[in-house]
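Peer 1: The sequence shown maps to residues -21 to -1, 1 to 410 in mature numbering (1 follows the signal peptide of the UniProt record, and there is no 0).
Every residue, glycine too, gets a C-beta built ideally from N, C-alpha and C.
Let me give you the structure first, and then I'll get to my questions.
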Amino acid sequence: MAPSILQACVGLLFLLASANAQVRGDNLATCSQNDGFGRYCPTTCGVADYLFRYLPEVSRELLYMERDLEVIANVTMDTEEKVDYMKDSATSAQKSSQSESYIKKSASMLDDVLRFEKTIFAQEQQIFELQNILASNQRRMAELESMSAQLKQKCQEPCRDSVTIQPTTGADCQDIANKGATTSGLYFVKPAAAPEPFLVYCEIDEYRRGFTVIQRRRDGSVDFNKNWNQYKNGFGYLSPDDTTEFWLGNEKIHWLTAGLPIPTVLRIDLEDWDGNKKYADYTMFALSPEADMFRLTYGYYMAGDAGDAFSGFDFGDDPSDKFYTMHNGQQFSTPDKDNDKYDGNCAQQDGSGWWMNRCHAAHLNGKYYQGGRYTAKDAGEYGFDNGIVWATWHDRWYSLKQTTMKLIPLTRITATAGQQGGVKEFGGLGM
Ligand SMILES: [Ca+2]
């Protein structure tokens, strides 16, 4: 727009300037030569005079206009440039910024910030909880350190066995008593058949009889429902003062009774809930090795007032009761190893390890019943007589209070006055 105005103005100026030059050169002379010019005015010369007279002023004004136009043109150009620049800027801003996406991005950033704030809050909570746990653990650590220090102090004191083991050793408890031991307690024995010594409780009486105890029931503190290996290796607790229950172990019993020059007597001591005590002696008692399932054998019922339950009992249920409840010659059975003569599993049904037949008249590893009397209902799932039974004394629904099974060489069983059976036959052998 500005250039076209400028050109028009310049063009007008040029026309006026040309007309002025022509008027001054040719027509002036003409007019000066013709005095009558004025009379015929307005004429061409009049116009020229008129123009000539006003020319300087018009020229000046034109010059001013020209300058003004130039200024305007310059200003306009500047403005145009600025407008272009602004347009470009706007376009470029539109293109590059995309304000909507910026708003979205900003909103998204705000969300992120809020989320981060929440996360930070949650983490601060967690840190607080962890600090609490840490503090609690530090307290525990301090307590443990204190305990540790106390134990360390105790450990620095000379160690002593809490259980006294007597120094004398021998092949069995009688051998130990023969060596001069007079105190009942814990001793190491090593029968000839045993690969290494093992601990036993020796009951040594006033006659220097040394009984090697292989089983003890006294209060029901030990569960006798155990598996084959437990019966093989023994379980329960030996104590120097005969206050605990245990099964010494079939393998040790085998070693204690295998291949001896003098027969072994098994003495069984029984006590009921009224304080009555009875006993039963079986001579030539032995257990076969594990390969033969620790089979029980004895020569005969030698003595006792408890009756010969090991040889079976006629319960009156069946003519063959006695035959099927005798224990001599029976292999050992446990709930996990059925070696009995019964279609079922006696040891499993009665919850014990024993020389089960079909099943028993004697059952000293049975379940411990406080008070003695029990019923089929008390016996649990199978309902059989699973107590500590010695059928030739108390019936099978009576469970004894205390039992002891112990071994002694035949030559010493008769040493006490008042005991019957075999006194005269074996008393002279000495030992
Ligand atoms: Ca069976």
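Helix, strand or coil for ASN13, going by three-state DSSP, please let me know.
Peer 2: With a pLDDT of 44 at ASN13, under the threshold of 50, the modelled position of this residue cannot be trusted; read the value that follows with caution. The answer is coil: DSSP assigns ASN13 none of H, G, I, E or B.
Peer 1: Would ALA282 and ASP260 be called neighbours here (beta carbons separated by less than 8 Å)?
Peer 2: Yes, they are a contact pair.
Peer 1: Look at GLY286 and THR371 and say whether their C-beta atoms are less than 8 Å apart.
Peer 2: Cβ distance < 8 Å, so GLY286 and THR371 count as in contact.
Peer 1: Could you say which of TRP376, TYR166 and ARG197 lies nearest to LYS356 if we only look at CA atoms?
Peer 2: Looking at the Cα atoms, TRP376 is the closest of the given residues.
Peer 1: Around the C-beta of ALA128, are 16 or more other C-beta atoms found within 10 angstroms, so that it is buried, or is it exposed?
Peer 2: The residue is exposed, with fewer than 16 neighbouring Cβ atoms inside 10 Å.
Peer 1: Please give the ranges of any beta strand (DSSP E) in the region 254 to 310, keeping only runs that are unbroken, at least 3 residues long and fully inside the region.
Peer 2: You should have 256 to 262 and 279 to 283.
Peer 1: Using the Cβ count rule (16 or more neighbours within 10 Å means buried), how would you classify ARG94?
Peer 2: Looking at its Cβ environment, which holds fewer than 16 other Cβ atoms inside 10 Å, ARG94 is exposed.
Peer 1: For VAL244, which option in ARG196, ASP374 and ILE392 has the closest C-alpha, if you only look at C-alpha atoms?
Peer 2: When only C-alpha atoms are compared, the closest one is ILE392.
Peer 1: Report the start-end ranges of each alpha helix (DSSP H) in the region 181 to 239 that is 4 residues or longer and not cut off at the edges.
Peer 2: Within the region 181 to 239, the complete alpha helix (DSSP H) runs of at least 4 residues are 207 to 212 and 229 to 236.
Peer 1: Cβ of TYR303 versus every heavy atom of ligand 1: is any distance shorter than 7 Å?
Peer 2: No, the beta carbon of TYR303 sits no closer than 7 Å to any heavy atom of ligand 1.
Peer 1: Would you say the region 330 to 341 touches the region 299 to 306, given that touching needs at least three Cβ pairs under 8 Å?
Peer 2: Result yes; three or more Cβ-Cβ pairs closer than 8 Å.
Peer 1: Check whether the region 140 to 156 touches the region 168 to 179, taking contact to mean three or more Cβ pairs, one atom from each stretch, closer than 8 Å.
Peer 2: Verdict: yes, contact present.
Peer 1: Going by DSSP, which residues form a beta bridge with GLU108?
Peer 2: Bridge partners of GLU108: none, in fact.
Peer 1: Excluding the 5 residues flanking PRO268 on each side, which residues of the same chain have their C-beta closer than 7 Å to its C-beta?
Peer 2: Here the set comprises HIS233.
Peer 1: Buried or exposed for VAL50, going by 16 or more other Cβ atoms inside 10 Å?
Peer 2: By the 10 Å Cβ count, VAL50 comes out exposed.
Peer 1: Counting by C-beta, which residues lie closer than 5 Å to a heavy atom of ligand 1, in chain order?
Peer 2: In chain order, the qualifying residues are ASP317, ASP319 and TYR321.
Peer 1: Does the separation of the CB atoms of PHE363 and ASN229 fall below 8 Å?
Peer 2: No, these two residues do not count as a Cβ contact at 8 Å.
Peer 1: In its own chain, which residues sit with a C-beta less than 7 Å from the C-beta of ALA172, not counting the 5 before and 5 after it?
Peer 2: The answer, listed in chain order, is TRP234, ALA237 and GLY238.
Peer 1: ASP154 lies in the alpha helix (DSSP H); which residues open and close that run?
Peer 2: Here the alpha helix (DSSP H) through ASP154 covers 152 to 157.
Peer 1: Look up SER312 in the DSSP assignment and give the residues it is bridged to.
Peer 2: DSSP lists TRP333 as partners of SER312.
Peer 1: Would you list the residues sitting across from TRP369 in a DSSP beta bridge?
Peer 2: Partner(s): ALA341.
Peer 1: Should LEU386 and PHE190 be called a contact, given that it needs their Cβ atoms to be closer than 8 Å?
Peer 2: Yes, the pair counts as a contact, with Cβ atoms nearer than the cut-off.
Peer 1: Which residues mark the beginning and the end of the alpha helix (DSSP H) in which THR390 is found?
Peer 2: Element bounds for THR390: 389 to 392.
Peer 1: So if DSSP puts GLN381 in a beta bridge, which residue, or which two residues, is it bridged to?
Peer 2: Answer is GLU250, bridged to GLN381.
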